[in-house]
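Peer 1: The structure that follows is given in the form of structure tokens.
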Amino acid sequence: MKFVEQQVELLNHLDYKEMLNNIEMAGRICYQSKSDYSVESGEKFVRMIIKRGHESVLEHGSLTFKIKTNRAIANEIVRHRLASYSQESTRYVKYDDIEFILREGKPSDLFNAMNILKQIEEQYKAFIENGYRPEDARDILPLCTATTLAMTMNLRELRHFLKLRLDKAAHPQIRELSEKVLEIAKKEFPVFVEDINE
Ligand SMILES: Cc1cc2nc3c(=O)[nH]c(=O)nc-3n(C[C@H](O)[C@H](O)[C@H](O)COP(=O)(O)OP(=O)(O)OC[C@H]3O[C@@H](n4cnc5c(N)ncnc54)[C@H](O)[C@@H]3O)c2cc1C
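Listed below in structure tokens is the structure:
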């Protein structure tokens, strides 16, 4: 049994300039306008379309993230329909050492998490040793069980996701995860999220 933290990693193959070029080339078809397709020109163009609310142009670019979170937060993430997901299967993956992700700062002794989770892990392993398949043994796994998924979102949907999930109304764990996503996006693809704050 292991307690781990939420993690976010960017899996994209396009760099910033390529992403800007793609979006600018698509967007300029609307206006039949020309450009030198430099980073400066792309950033200016993206700022203009965001200011005008012409955000459908941003759908021509997408980012892929590898995310480690728990089952509860993964369930919230996959409610965002305009995205693509590939998630670790609890039907086919057999766990030897089960990872759990609890909310940071939440006193684990409040519900004696260590003991409960230890018992769950032992019972899961007992099921497997007694011939249960992972797809049946998984029924006792709690929502704090860690899971990994790939999430591809176009830049318009990513902006929408971040605005909803960074809001103080969102659950603290999905806010923490969204802060990690925003931090990466601000570093690697800044103009697309520069108006979004934690
Ligand atoms: C604070 C908070 C609390 C929540 N609580 C609950 C809860 O108690 N129970 C619950 O079930 N869910 C809850 N949710 C999830 C929420 O209802 C949405 O399912 C989730 O946030 C996905 O966002 P979205 O619907 O904007 O759409 P996305 O799937 O991200 O789609 C993006 C946008 O596309 C458009 N769109 C997509 N599909 C359609 C469609 N079929 N028809 C029309 N327009 C569409 C909408 O404009 C939508 O905003 C909560 C979310 C938040 C942020």
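Numbering-wise (the working numbering), the sequence shown opens with residue 37 and increments by one. From the three backbone atoms N, C-alpha and C, an ideal C-beta is built for every residue, glycine too.
1) Report buried or exposed for R195, applying the criterion of at least 16 other Cβ atoms within 10 angstroms of its Cβ.
2) Taking 7 Å as the limit, name every residue whose beta carbon sits nearer than that to some heavy atom of ligand 1, in sequence order.
3) Tell whether a beta-carbon distance below 9 Å holds between M37 and E193.
4) If distances are taken between C-alpha atoms only, which option among E41, V40, E45 comes closest to I218?
5) Work out the CA separation of Q159 and I85 for me, nearest whole Å.
6) Beta-carbon separation of F101 and A186 under 9 Å?
7) Are the C-beta of K204 and some C-beta of chain C separated by less than 9 Å?
8) For A221, which of R201, A206, L191 has the nearest alpha-carbon?
9) Using only CA atoms, which one of K130, L179, Y168 lies nearest to L153?
10) If I follow the unbroken alpha helix (DSSP H) through Q42, where does it start and stop?
11) What residues in its chain sit with their C-beta under 8 Å from that of L94, if we drop five residues either side in the sequence?
Peer 2: To lay it out plainly:
1) R195 is buried by the Cβ-count criterion.
2) Contact residues of ligand 1 (beta-carbon closer than 7 Å to any heavy atom; chain order) are E112, R115, H116, R117, L118, E193, H196, F197, L200, R201, D203, A205, A206.
3) no
4) First, the amino acid is wrong: residue 218 is Leu here, not Ile. Selected option, being the one with the closest Cα: E45.
5) Taking the straight line joining both Cα atoms gives about 55 Å.
6) yes
7) No chain C appears in the structure shown, which is made up of a single protein chain.
8) L191
9) L179
10) Neither: Q42 is in no alpha helix (DSSP H) and is coded neither H nor E.
11) I59, V82, I85, I86, N190, L191, R192, R195, F228
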